Amino acid sequence: MTVTSPADPPLGACPTWCEKPADHGWEDEWSDGPMRDHVCTIDRIDRYNAIRLHEYERYTRSGRVRERAINLDLDQSENWDAAGAQRVIDALNEAVSKFAEPLRE
Ligand SMILES: [Zn+2]
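What follows is the structure in structure tokens.
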């Protein structure tokens with residue numbers, strides 16, 4: 001039996017695009033409550049560069065809060081060729097599309 005306490009509130013639903021295991025748990029304790037990070041790697045361009053979509057789920061005193069963010073984890077910020085730049089554009093378009101999906105409870 002799982003005991004629910006203020007430090008261990010029930011998990012919300014993952015976004016449809018979350019690539020973590022189902023029911024992945026709270027990952028960190030923020031000042032206003034526990035937090036977990038739902039993530040989708042839109043394009044792992046190479047070892048050092050990726051485009052990701054995150055949804056940060058927190059459980060605060062006033063309830064569940066979700067915030068989405070598109071992260072450009074780019075170690076290489078210069079000298080992209082046209083094909084590489086197009087790949088980033090395509091990834092950003094996909095990220096924006098997924099970003100627009102309705103939030104779940
Ligand atoms: Zn998730």
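Anchor point for the sequence shown: position 36 equals 36 in my numbering, and the numbering is continuous, going up by one each time. All C-beta atoms in this analysis are idealised placements derived from N, C-alpha and C, irrespective of residue type, glycine included. Fair warning: this is a prediction, and the values are worked out from it, not measured in the lab.
### Task
Would you please state the rounded distance, in angstroms, between the beta carbons of residue 52 and residue 73? I believe it to be under 8 Å.
In the sequence shown, the residue the question calls residue 52 occupies position 52. In the sequence shown, the residue the question calls residue 73 occupies position 73. Taking a contact as a CB-CB distance under 8 Å, the pair residue 52 and residue 73 counts as one, their CB atoms being some 6 Å apart.
### Query
Can you pull every residue whose C-beta falls closer than 5 Å to some heavy atom of ligand 1, listed in chain order?
So the residues near ligand 1 by this Cβ test are 14, 18, 20 and 38.
### Task
Look at residue 66 and residue 103 and say whether their C-beta atoms are less than 7 Å apart.
By 1-based counting over the sequence shown, the position of residue 66 is 66. By 1-based counting over the sequence shown, the position of residue 103 is 103. Cβ distance < 7 Å, so residue 66 and residue 103 count as in contact.
### Cβ neighbours of residue 25 in the same chain (closer than 8 Å, five flanking residues each side left out)
Taking the first residue of the sequence shown as 1, we reach residue 25 at position 25. Closer than 8 Å at the Cβ level, and outside the excluded window around residue 25, lie 11 and 36.
### Task
Going by DSSP, name the residue or residues bridged to residue 38.
Taking the first residue of the sequence shown as position 1, residue 38 is located at position 38. BP columns for residue 38 point to 55.
### Task
Return the residue from the list 27, 39, 31 and 71 that minimises the CA-CA distance to residue 61.
Reading the sequence shown from its first residue, position 61 is the one you call residue 61. Closest by alpha carbon: 31.
### Query
Nearest-angstrom Cα distance between residue 105 and residue 64?
What you label residue 105 is simply residue 105 of the sequence shown in a count that begins at 1. What you label residue 64 is simply residue 64 of the sequence shown in a count that begins at 1. Cα to Cα, the separation comes out at about 8 Å.
### Query
In or out: residue 39 buried (at least 16 other Cβ within 10 Å) or exposed?
Walking along the sequence shown from the start, residue 39 turns up at place 39. The residue is buried, with at least 16 neighbouring Cβ atoms inside 10 Å.
### residue 91, DSSP secondary structure in three states
Against the sequence shown, residue 91 aligns to sequence position 91. Residue 91 falls in the helix class under three-state DSSP.
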